[in-house]
Every structure is written in structure tokens, then in C-alpha cells.
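Engineer: Start counting the sequence shown at 13; every next residue gets the next number (our numbering). Beta carbons are placed, not taken as given, at the ideal position from N, Cα and C, and that holds for glycine. Please read all numbers here as calculations on a predicted model, not as lab measurements. Quick one: the structure is below, questions incoming.
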Amino acid sequence: MTRLSTPATVNEAPAASQPLLNAVNKQLGVVPNLFRLVANSPAALEGYLGMSGALAKGALPAQTRERIALAVAQINGCDYCLSAHTYLGANLAHLDEAEMLANRRGGSTDPKADAAVRFAVKVADSRGHVADDDVRAVKLAGYDDAQVIEIVQHVALNTWTNYINNVAGTEIDFPVVTAKNVA
């Protein structure tokens, strides 16, 4: 059950959010419920889109970004984000089921990506209080300082969307995946 209102259409969103939602629609061909929900606060929507857009131009490939999103959504029990990122992981990042399951379990079948996902999990679990060995391990796997910062930023961004969706009870508009069904 949704606990916060989700504008049914772009035109029902606050006026300041409408151009942003139209841009989302132009890019994705649809406006997912998360964006319509966040549109209740034009400032929050602008901030979310700005950070997402900047990170999409960063040093981490789409596959790694989706892997991190899946791991963090699993940790935070966000069914909306698990559903969305399972769909995006399969259809945009071309991750297979085994890989996405490994991501949800906190790792990866790819050795370099495994280091990034494991580090992201450490960041999320420790609220950023990682050990020196954790930083050393991700850097030894081939990630530079900029990429380590982006991993942390992806954890933060995904944690925010997880929390928003968990608080709101956002209606899932992707094929449903739940945090409870990871083996």
C-alpha cells in the first residue's frame, strides 16, 4: 500500500517537476513510479536526477552500477529497487540471472566487479566505516580513487532511493522481485 501520493500523470505533479518528468519520459519512454513519487518535491527530483546523471557519466560501467544497486537494494530490503534494477540489469546492462543473484548475495561472478560489490556491501553495512583492508582490497582489484569515491556515491544514492521507496511503499511498476526470495 502506497503511503505517499504518487501523481498519476506528469500534469498532476507540481509545476516545477513537470519539465523534469517530461525529460525522464523522453529518455526512458515512461515515467516510473519512483520518479513520479519524488516529483512531489521538485528539489528532491532535481537533486536525484542531477546525481544520477552525473554518476552515469562517471568511471564505473553500467554493469557495475547495476550490480551495486542490486546489492544495496537487497541489504535495505527494497522490493521496488530490486524489481527495477533486476529489469535494468537484464535489459540494459545485460547481466544474466546468475550474476544478478550473486550481486544480491553481495558478490559477483566477475573477479573485478566482485571487489566493487563486496566493497559496496561493506560501505552499506558499516555506514561508511570501512577498514583499511577493505579499501586496500578494492584498490588492489584495479579501482582507482575516483572509482572508489563513485562506488561510495552509488551506495549513497541507492540507499536514498531504497529508503524513499520503503517509506512510501511505492507501487512496483516492474516485474516484481522481493528481497525475501534470494537463496
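Ignoring anything shorter than 4 residues or poking outside the region 121-166, list the alpha helix (DSSP H) runs there in chain order.
Structural biologist: 123-138, 144-152
Engineer: Just to confirm the assignment, what range does the alpha helix (DSSP H) spanning Pro54 have?
Structural biologist: Looking up residue 54 in the sequence shown gives position 42. Unbroken alpha helix (DSSP H) run through Pro54: 54-68.
Engineer: If you count every other CB in all the chains shown that lies within 10 Å of the CB of Leu16, and 16 or more means buried, which is it?
Structural biologist: Numbered from 1 along the sequence shown, position 4 holds the residue referred to as residue 16. Note on Leu16: under 16 other CB atoms within 10 angstroms of its CB, so exposed under the neighbour-count rule.
Engineer: Using 10 angstroms around the beta-carbon of Leu23, count the other beta-carbons present and answer buried if the total reaches 16, otherwise exposed.
Structural biologist: Counting from 1 along the sequence shown, the entry for residue 23 is found at position 11. Here residue 23 turns out to be Asn, not Leu, going by the sequence shown. It is exposed - the Cβ of Asn23 has fewer than 16 other Cβ atoms within 10 Å.
Engineer: Are the CB atoms of Leu61 and Leu32 within a distance shorter than 9 Å?
Structural biologist: As a working note, residue 32 is residue 20 in the sequence shown. As a working note, residue 61 is residue 49 in the sequence shown. Going by C-beta atoms, Leu32 is nearer than 9 Å to Leu61.
Engineer: Would you call the region 158-170 and the region 74-89 touching, i.e. three or more CB-CB distances under 8 Å?
Structural biologist: yes
Engineer: Ordered along the chain, which non-local residues of its own chain (more than five positions away) have a Cβ less than 7 Å from that of Ser120?
Structural biologist: As a working mapping, residue 120 is identified with position 108 in the sequence shown. Only Arg79, Glu111, Ala114, Asp126, Val129 meet the Cβ criterion.
Engineer: Report the option in Val164, Tyr155, Glu58, Lys124 whose CA atom is closest to the CA atom of His141.
Structural biologist: For the purposes of this step, residue 141 is taken as residue 129 along the sequence shown, with counting starting at 1. It is Val164 whose Cα lies nearest to the Cα of His141.
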